[in-house]
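Asks: Encoded as structure tokens, here's the structure I'll be asking about.
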Amino acid sequence: MSDNQNLLAEQRRALILDEVRRRGGVRVNELTRRLNVSDMTVRRDLDALARQGVVEKVHGGAVPVAETSTHEPGFEAKSALELSAKEDIARAAARLVVPGSAIALSGGTTTYALAHHLLEVPELTVVTNSVRVADVFHSAQQPGPAGGRSPGAATVVLTGGMRTPSDSLVGPVADQAIRSLHFDMLFLGVHGISVEAGLSTPNLAEAETNRRLVQAARRVVVVADHTKWGTVGLSSFADLDEVDTLVTDAGLPAAAREEIAEHLPSLVVAGEPGTDDGAQRQAERHDGRDG
């Protein structure tokens, strides 16, 4: 990490967090050498990560926070993590969307990033249980010549429900709204994904709402950065065989890619070096599914 002298603070902190998780802890003096920044800068970064609840400061350094299966970080805390990975994933996932289609976006910071890339896709119908995602489309809508919606602007349906720490709307009201709908494609953010547990979340009500979203979708696309692989939340809401495509980032280890290729029809690795469009299909398997 010695060439990262001029990184923005958020990028530097993402690198520090990745190092903490990978090694199980870091020391301040090691980070100052690797990042080529001052001791004070590193300590400020560790303070910021500690306030987000993702590291625990110890004498001379920091260690990862031992999260329970019920721990649910807030939207702002998650927004600061894996920024470049989420942006790569969002760009790659947006290429899968056909103009004029009906899509659903679940809550989460990766689907929030994706929403920004969908603003240029015309005539979409977007159903979401994310307050943040709905706000992206609402803020972008400009009055047309006659004072109405801009031509080609998305039609956005925001489900009702109870608000979670990650600004998703869940519970019976959301479930009822989703039950009667049908989507061409669902883009689903997850807390964790693994072979054993499938897709999981620490929030029981969100698990049920996500089940409804999966059931209503013709094609399910999971958008999740590499840190989600192997993470297990309290409640599973879908098996891997219910997922059509996983869009992730280049940080996913080779062993994980091989394991995923055995269980999913399609794996898209975004931001892979040496690819022209920033996304590389690592696995394609035809098993009779639609789409």
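Just so we're aligned: the sequence shown equals residues 66 to 356 in the numbering used here. In this text, a Cβ means the ideal position worked out from N, Cα and C, and glycines have one as well.
Assign D306 to buried or exposed, taking buried as 16 or more other Cβ atoms, counted over all protein chains shown, within 10 Å of its Cβ.
Replies: Classification of D306: exposed, given that the 10 Å Cβ count is below 16.
Asks: Here's a check: name, in chain order, each residue in its chain whose Cβ is nearer than 7 angstroms to the Cβ of A199, leaving out the five neighbours to either side.
Replies: Closer than 7 angstroms at the Cβ level, and outside the excluded window around A199, lie T193, V221 and L223.
Asks: Going by C-alpha distance, which of L311, V196, E84 and G165 is nearest V285?
Replies: Selected option, being the one with the closest Cα: L311.
Asks: L251 bridges to which residues according to DSSP?
Replies: A169 and V285.
Asks: Are the CB atoms of A281 and H247 nearer to each other than 7 angstroms?
Replies: Yes, the Cβ-Cβ distance between A281 and H247 is below 7 angstroms.
Asks: Counting pairs of Cβ atoms below 8 angstroms between the region 70-86 and the region 113-120, do you hit three or more?
Replies: Yes, since at least three Cβ pairs between the region 70-86 and the region 113-120 fall closer than 8 angstroms, the two stretches touch.
Asks: Expressed to the nearest angstrom, what Euclidean distance is found between the alpha-carbon atoms of R88 and P129?
Replies: Cα to Cα, the separation comes out at about 9 angstroms.
Asks: Run through the DSSP bridge pairs and tell me what L234 is partnered with.
Replies: In DSSP, L234 forms a bridge with R228.
Asks: Measuring CB to CB, does G217 end up less than 7 angstroms from E188?
Replies: Result yes, Cβ atoms of G217 and E188 sit closer than 7 angstroms.
Asks: Considering L264, what are the terminal residues of the beta strand (DSSP E) in which it resides?
Replies: First-last of the beta strand (DSSP E) with L264: G263 to T266.
Asks: In the DSSP assignment, the beta strand (DSSP E) including A79 goes from what residue to what residue?
Replies: Taken as a continuous stretch (DSSP letters only), A79 belongs to no beta strand (DSSP E), being part of the alpha helix (DSSP H) at A74 to R88.
Asks: Residues in the same chain with beta-carbon distance under 7 angstroms from R244, minus the five sequence neighbours each way, listed in chain order, please.
Replies: Excluding positions up to five away in sequence, the list reads R277.
Asks: Could you check whether V201 and E180 sit closer than 7 angstroms to each other, using their CB atoms as the reference points?
Replies: With the sequence shown as reference, residue 180 is identified as Ala, and Glu is not the correct amino acid for it. Against a cut-off of 7 angstroms, the Cβ pair of V201 and A180 comes out as a contact.
Asks: Could you check where the alpha helix (DSSP H) with E324 kicks off and where it finishes?
Replies: Counting along the chain, the alpha helix (DSSP H) containing E324 begins and ends at A319 to A326.
Asks: Tell me the DSSP secondary structure of V107 in three-state form.
Replies: Here V107 sits in helix by DSSP.
Asks: According to DSSP, simplified to helix, strand and coil, what is S134?
Replies: The pLDDT assigned to S134 is 46, lower than 50, so where the model puts this residue is not dependable; a value taken from the coordinates is nonetheless given after this. Looking at S134 - three-state DSSP - the assignment turns out to be coil, as it is neither helix nor strand.
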